[in-house]
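Visitor: Residues in the sequence shown are numbered from 2 upward in steps of one, following our numbering.
All residues carry an ideal CB built from backbone N, CA and C; glycine is no exception.
Quick one: the structure is below, questions incoming.
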Amino acid sequence: MTTETVAVPTSPTKRAAEPEILTGSGAILRSLENLGVTDVFGLPGGAIMPFYDELMSSKGIRHILVRHEQGAGHAAEGYAASTGRLGVCIATSGPGATNLVTAIADAYMDSVPLLAITGQVFSTLMGTDAFQEVDIVGITMPITKHSFLVTRPEDIPATIAAAYLIATTGRPGPVLVDVTKDCQQNSAPFIWPPKVDLPGYRPVVKAHGKQIQAAAQLLAEAKRPVFYVGGGVIRAKASAELLELAELVGAPIVTTLMARGAFPDSNPLNLGMPGMHGTVPAVLAIQESDLLISLGARFDDRVTGKPSEFAPNAKIVHVDIDPAEISKIRFADVPIVGDAKDVIADLTIAFREAITTTPSDLTPWWERLDLLRARYPLGYDETEDGLLSPQYVIQRIGQLTGPEAIYASGVGQHQMWAAQYIKYERPNAWLNSGGAGTMGYGVPAAMGAKVAEPERTVWAIDGDGCFQMTNQELATCTINKIPIKVAIINNSSLGMVRQWQTLFYDGRHSFTDLNTGHDTVMIPDFVKMADAYGALGIRVRNKEDVDAAIKLANETNDRPVVIDFIVSPHSMVWPMVPQGVGNSNVQYAKDHAPSWEEE
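Here it is, written out as structure tokens:
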């Protein structure tokens with residue numbers, strides 16, 4: 002366990018002999034500049050107005066004025082998830098702060114480094130139910146790594162520096178800093194801490210050597226090993242180390258929804274995504290494995306199904322930087338707490354030493370896996386109603402745009418299809434709301450990613466339900482010249498809920514029809530909406546028009562583009578493991594459940 006203090010970025014300007022006197026607002030701005038922050042997303046209001054007055058004069062920080070605070074939070078998430086850098090969002094007190102809560106919870110579930118700065122009422126008014134007073138620190142305690150309340154301007158530099166450290170180290174996550182209005186207005190000497198030392202906050206980075214050796218020995222002896230890779234590998238920037246280890250071992254890889262791109266899809270070791278809507282080879286490989294090496298994954302219920310039936314014959318090596326995740330769902334035979342990048346590198350060295358005495362032959366294992374791949378390839382049926390196949394549309398977006406782009410999705414069927422049918426060759430190319438499953442994530446996350454990575458093409462793959470939750474950020478994109486591309490997979494319904502209603506509620510489609518695309522009346526008309534927001538609006542109904550629309554979107558970089566793809570409401574996401582059962586009950590398609598013992 003490390004016990005050193007950690008240095009934070011230092012001010013680029015030469016320190017004066019005497020500390021500069023700054024208002025609290027000036028101290029917030031200076032602190033962000035010292036940390037290297039260049040972009041923030043926010044919306045002003047009464048309690049944060051002093052800071053906004055200061056922010057107006059900043060020459061180093063670009064502020065993106067959003068149309069809703071939730072959009073600011075998701076944009077900061079997209080910014081962080083596409084780069085690994087800290088994302089920053091700003092809001093006022095009361096409803097401004099509570100509108101950030103969904104994005105903060107989302108960042109907490111998906112380990113996204115996020116700094117949320119909120120204004121608070123005057124400290125003398127706190128506890129009096131003052132106008133727009135909300136205890137945002139109390140509200141966000143369960144969904145942040147830490148929440149701070151600052152009432153004195155002299156405390157701001159150390160607090161912002163600590164927030165940065167907490168958000169970006171260990172298991173990344175959101176930190177909230179709530180600053181009272183009088184704190185923003187009052188003045189104090191600005192003293193930037195050269196180091197931040199937080200008693201009790203000591204993330205473990207380097208794993209115990211004996212645990213590494215034990216894992217390497219199990220891996221060397223295993224006949225049916227599987228690497229179960231989670232989003233922690235991406236957050237740890239450990240993709241290169243993973244590739245080296247996997248190719249050395251020659252064992253299959255499965256990448257969770259949050260880990261798509263952590264390992265190249267084109268690599269033959271990659272079996273695809275496991276879990277509820279994973280590929281059959283990935284799901285059954287885990288079920289038949291004798292050793293599961295979990296790297297930065299948390300055994301989420303959408304992956305495990307019924308935990309007691311998950312990988313029933315496998316020993317578990319669980320690697321995670323968060324000790325609370327180890328053995329939380331499944332007992333770990335070899336628990337390893339540490340940073341995935343360091344652990345994988347150490348495991349590679351240890352495995353090389355182990356195989357000198359214990360060689361492993363994985364040929365029979367790969368014969369079985371290749372049989373599963375041949376028998377159960379990922380695919381879909383053409384629609385019977387004459388409408389577009391959503392899988393085809395999404396697949397063509399990926400093929401025509403390429404792996405260097407960024408793809409941000411909303412939540413639902415289109416999310417699963419985007420995870421399945423776009424090929425991901427690099428980390429940080431796939432952004433989505435995995436743990437919280439937040440509808441409305443796609444457009445603002447894409448916006449944040451485009452601000453962070455302006456040279457990359459950025460697609461938001463959205464549903465007609467998700468799009469209507471945060472589409473107002475198209476105005477933000479148009480005004481700020483953020484030319485994202487939006488593909489609305491418009492099945493005129495809440496598709497995933499409708500699928501479950503079809504499968505488990507005898508086809509009773511209770512309140513899932515959105516009336517957005519299949520009748521003569523479209524409420525709303527997404528093309529007219531795009532035009533109203535200053536974006537290029539396109540509608541596609543026919544398969545022969547799909548490619549031309551995608552190419553036009555990719556060539557249009559002077560404004561956002563919105564393509565309304567009218568797709569079949571009857572298309573379903575397959576394969577599927579129904580909720581509450583073991584993964585051996587995976588259904589390849591409706592009424593087709595392959596046996597995991599099938600030869």
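Got a sec, what are the start and stop residues for the beta strand (DSSP E) proline 612 sits in?
Guide: The shown model of the chain, from 2 to 600, leaves out residue 612, and the question about it has no answer.
Visitor: Anyone know if the C-beta pair for aspartate 463 and histidine 415 falls short of 8 Å?
Guide: Yes, the pair counts as a contact, with Cβ atoms nearer than the cut-off.
Visitor: Taking the beta strand (DSSP E) that leucine 504 falls in, what are its first and last residues?
Guide: First-last for leucine 504: 496-505, but that is the alpha helix (DSSP H), not the beta strand (DSSP E).
Visitor: In chain order, what residues of the same chain lie with their CB nearer than 6 Å to the CB of alanine 215, ignoring the 5 residues before and after it?
Guide: So the list reads Val335, once near-sequence residues are dropped.
Visitor: So what's threonine 141 in DSSP terms, helix, strand or just coil?
Guide: In this structure, threonine 141 counts as helix in the three-state DSSP scheme.
Visitor: Between alanine 189 and valine 122, is the Cβ-Cβ spacing less than 8 Å?
Guide: Contact: no.
Visitor: Please report the distance separating the alpha-carbon of tryptophan 597 from that of glycine 306.
Guide: Here the model assigns tryptophan 597 a pLDDT of 45, short of 50, so the residue's position is not dependable and the matter cannot be decided.
Visitor: At the level of alpha carbons, what is the spacing between proline 391 and phenylalanine 300?
Guide: Near 29 Å, if we compare the C-alpha coordinates of phenylalanine 300 and proline 391.
Visitor: Using CA coordinates, which residue listed in Tyr534, Asn491, Lys529 and Met110 is at the minimum distance from isoleucine 513?
Guide: First, the amino acid is wrong: residue 513 is threonine here, not isoleucine. Nearest of Tyr534, Asn491, Lys529 and Met110 to threonine 513, Cα basis: Asn491.
Visitor: Report the partner residues of cysteine 90 according to the DSSP bridge assignment.
Guide: Partner(s): Phe42 and Ala117.
Visitor: For aspartate 362 and leucine 270, I'd like the C-alpha separation in whole angstroms.
Guide: C-alpha separation (whole angstroms): 15 Å.
Visitor: Out of curiosity, what's the CA-to-CA distance linking leucine 126 and glycine 139?
Guide: Going by the C-alpha atoms only, they are around 17 Å apart.
Visitor: Could you check if glycine 449 is buried or exposed, using at least 16 other CB atoms within 10 Å of its CB as the buried criterion?
Guide: Classification of glycine 449: buried, given that the 10 Å Cβ count is 16 or more.
Visitor: Should the stretch 40-47 be regarded as contacting the stretch 170-179, the criterion being three or more beta carbon pairs within less than 8 Å?
Guide: Taking 8 Å as the limit for Cβ pairs, the verdict is that the stretch 170-179 does not touch the stretch 40-47.
Visitor: When we look at the beta-carbon of alanine 536 and count the other beta-carbons within 10 Å, is it buried (16 or more) or exposed?
Guide: Flag for alanine 536 reads buried.
Visitor: Would you mind giving the Cβ-Cβ distance between lysine 342 and alanine 260, rounded to the nearest angstrom? I have them listed as a contact below 8 Å.
Guide: Not really, about 14 Å apart at Cβ, beyond 8 Å.
Visitor: Tell me whether valine 102 is buried or exposed, calling it buried when 16 or more other Cβ atoms sit within 10 Å of its Cβ.
Guide: Looking at its Cβ environment, which holds 16 or more other Cβ atoms inside 10 Å, valine 102 is buried.
Visitor: Tell me whether the beta-carbon of glycine 72 lies closer than 8 Å to the beta-carbon of glutamate 474.
Guide: Result yes, Cβ atoms of glycine 72 and glutamate 474 sit closer than 8 Å.
Visitor: Candidates Ala76, Pro282, Val250 and Asn586: which alpha carbon is nearest arginine 369's?
Guide: Ranking Ala76, Pro282, Val250 and Asn586 by Cα distance to arginine 369 puts Pro282 first.
Visitor: Going straight from the alpha carbon of alanine 92 to that of arginine 68, what length do you get?
Guide: Near 11 Å, if we compare the C-alpha coordinates of arginine 68 and alanine 92.
Visitor: Let's see if you can read the secondary structure: which residues bound the alpha helix (DSSP H) around asparagine 472?
Guide: From DSSP, asparagine 472 is part of no alpha helix (DSSP H); its letter is neither H nor E.
Visitor: Using the beta-carbon count (16 or more within 10 Å), is serine 295 buried or exposed?
Guide: By the 10 Å Cβ count, serine 295 comes out buried.
Visitor: Using a Cβ-Cβ cut-off of 7 Å (strictly less than) and excluding sequence neighbours within five positions of proline 204, which residues of its own chain qualify?
Guide: Around proline 204: Thr170, Gly171 and Ile322.
Visitor: Have a look at valine 582 and leucine 292 and give me their C-alpha separation to the nearest angstrom.
Guide: Rounded to the nearest angstrom, the two C-alpha atoms are 21 Å apart.
Visitor: In the DSSP assignment, what are the bridge partners of tryptophan 460?
Guide: Answer is Tyr408 and Lys486, bridged to tryptophan 460.
Visitor: If we call anything under 8 Å between Cβ atoms a contact, is phenylalanine 311 one with asparagine 584?
Guide: Cβ atoms of phenylalanine 311 and asparagine 584: closer than 8 Å.
Visitor: Please work out which residues of its chain come closer than 8 Å, Cβ to Cβ, to tyrosine 589, disregarding the five sequence neighbours upstream and downstream, and give them in chain order.
Guide: The residues are Val281, Tyr377, Trp575, Pro576 and Pro595.
Visitor: Can you look up valine 522 in the DSSP assignment and give me helix, strand or coil?
Guide: Residue state, collapsed to three classes: coil.
Visitor: Rounded to whole angstroms, what's the CA-CA distance from arginine 457 to glutamate 405? Just pull it up for me.
Guide: Those two C-alpha atoms are separated by around 7 Å.
Visitor: Skipping 5 residues on each side, what residues in its chain have a beta carbon closer than 7 Å to that of glutamate 5?
Guide: In this prediction, glutamate 5 scores a pLDDT of 40, lower than 50, which makes its location untrustworthy; no coordinate-derived value is stated.
Visitor: With 16 as the cutoff for other CB atoms within 10 Å, does lysine 486 come out buried or exposed?
Guide: With 16 or more other Cβ atoms within 10 Å, it is buried.
Visitor: Using the three-state DSSP reduction, which class does aspartate 291 fall into: helix, strand or coil?
Guide: Coil, per DSSP.
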